[in-house]
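Report on the following structure.
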Amino acid sequence: MPSSLNRRSFLKHMGAAAGAVGAAGITGGAVAEAASRPAQRASSQATLNILCWEGYTDPSFVGPFEKMYNCTVTHTYAGSSDEMVAKWIAGHGNTYDLVSASGDADRRFIHSRTLLPIDVSKLKNFNQLYPKFHAPPWNTVNGIHYGVSFVWGANVLIYDTRKFKQAPASWEVLYDHKYKNEVSIYDSAITIADVALYLGWKDCYNLNNSQLAKIKTVLQQQKPLLRKYWAGAGDVEDAFQHGELVASSAWPLMTNDLRKAHFPIGETVPREGATGWADTWMISKSSPNVDLAMKWIDYMIGPQGQLGVINVTAYSGSSRAVVPALGPARVKALHMDDQAYFDQLHIWSEPVNYADWVKVWTDVRG
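So for the sequence shown, my numbering puts the first residue at 869; every next one is plus one.
Below, the structure is given as structure tokens:
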């Protein structure tokens, strides 16, 4: 599990970094250069370096891929999209072959001009994706695919079922003095969108200065009530198992891990709604292993990769290829064939004034 890796220091600089990346733009020359780059054959014992979220390179499904293609897969975890962008940009896109980007960072990666446009006709499993993932706006620009979606989900509220006989109806539980020192929230500026929903602002990625000021006050009032700001799944899971938390914002991965550990955890989307995310595999245009990276993407949207990552994370898959292996009940539980459920989520998107969000978050965190 990753540590925070001085994530607050990342946040202090991300406002300027986001502006610099955005200003870079997408030039026709860069697109042409990347699009015309020939795919390279995976060499014997090649190493695929991946920058990703927790759960996306679990040995249970990485092992079969490594055997299939006689390669090694290494990973670096990031605890937030800001951290992921910072790590990628620090190496000018040369350090990693692939990144698993979320919607609040996709455009920063695209505008960095470090990505290889993907010829999806070379992915045999691409047509198995649910239609909403064929050309989503977060990874496709003017018909050019800069990545391929593979999993998605909601940012949920989880709770100790011994403390709550019924699921909390509102995010208010994370602001209630009754649970002082027993609640936790995600340590990222994107959490501001969750606070906006709690306050009733549905357009949660389009916040003006007055709204941001109100959210800052709410976060400052909440801060003394928090046991911790969490940076990764391990932070939350350990805290619940040690009796430190009774409720927290979370990812379904944490629910899944705690249930596997036989901890009495519940999960819900409160009445105010929830933010969500859809994650995308993107390839560095500097990768020496483009062919192998393409094979990884195809594997991860195929039945074996989809089943593997779903089993580990309990996230929803983007591909119909895994439906037979999951079965109807599990597909329904994951909302994979439920367009209405997906549409009601406020999928992570990068605000145009994200530098202001970062400043608010940094001021609150100190």
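Note that CB positions come from ideal geometry on N, CA and C, so glycine has one too.
Within the same chain, Cβ atoms closer than 6 Å to the Cβ of Q996 are found at S1187, R1188 and A1189, the five residues on either side in sequence being excluded. Between the stretch 1127-1137 and the stretch 1068-1076 there are fewer than three inter-stretch CB-CB distances shorter than 8 Å, so the stretches are not counted as touching. Annotation for E1135: the continuous beta strand (DSSP E) segment containing it runs I1133 to T1136.
In this model, V1137 and L1202 are separated by some 13 Å (Cα to Cα). Within the stretch 957-1020, the complete alpha helix (DSSP H) runs of at least 4 residues fall at 974-979.
Going by C-alpha positions, L984 is about 18 Å away from K992.
Beta-bridge analysis with DSSP links K1096 to S1052. Rounded to whole angstroms, S1155 and F1032 show a C-alpha spacing of 49 Å. Shown here for Y1167: same chain residues with a beta carbon closer than 7 Å to its own, the five before and five after excluded, namely F933 and G1173 in chain order.
As summarised for the stretch 1139-1200, the continuous beta strand (DSSP E) elements at least 3 residues long and confined to that stretch are 1143-1151, given in chain order.
Judged by pairs of C-beta atoms under 8 Å, the stretch 1204-1214 does not touch the stretch 1043-1051, as fewer than three such pairs exist. Beta-bridge pairing by DSSP links C920 to Y945.
As computed with DSSP, D1028 is found in a beta bridge with I1133.
Here H1045 is exposed. Its C-beta has fewer than 16 other C-beta atoms within 10 Å. When DSSP states are grouped into helix, strand and coil, A954 belongs to the helix group.
Between the beta-carbon of D972 and that of E1218 there is about 5 Å, and that keeps the pair under the 8 Å contact cut. Annotation for A1115: the continuous beta strand (DSSP E) segment containing it runs A1115 to A1118. Exposure of H1110 is indicated by the presence of fewer than 16 other C-beta atoms within 10 angstroms of its C-beta.
Closest by C-alpha distance to G1015, out of V1063, L1025, H1002 and W1145, is H1002.
Within the same chain, F994 and H1013 come within 6 Å of V988 by CB-CB distance, once the 5 residues on both sides are set aside. Annotation: G1111 is outside any alpha helix (DSSP H) and is labelled neither H nor E by DSSP. Distance between N1023 and E1105, taken at the CA atoms: about 15 Å. Bounds of the alpha helix (DSSP H) holding Y1222 are Y1222 to R1233. In terms of CA proximity to P999, F1018 leads the group R981, N1010, F1018 and Q1079. In the same chain as A1057, and ignoring 5 residues on each side of it, the C-beta atoms closer than 6 Å to its own belong to W1225, V1226 and W1229, in chain order.
Per DSSP, reduced to three states, the secondary structure at H1203 is coil, with no helix or strand assignment.
The residue from L1094, T944, W921 and A958 with its alpha-carbon nearest to that of V1232 is L1094. Contact between W1145 and G1021 holds: CB atoms are separated by about 7 Å, below the 8 Å threshold. For G1102, the closest of Y945, Y937 and T940 by C-alpha to C-alpha distance is Y945. In the DSSP annotation of this structure, the continuous segment of the alpha helix (DSSP H) that includes D1062 starts and ends at T1059 to Y1066. Collapsing the DSSP output to three states places T925 in coil. A Cβ-Cβ separation of about 6 Å places S968 in contact with W1149 under the 8 Å criterion. DSSP places V1086 in the uninterrupted alpha helix (DSSP H) bounded by N1077 to Q1090.
Listed in chain order, the non-local C-beta contacts of D1147 below 6 Å within the same chain comprise S968, S970 and V1019, local neighbours out to five positions each way being set aside.
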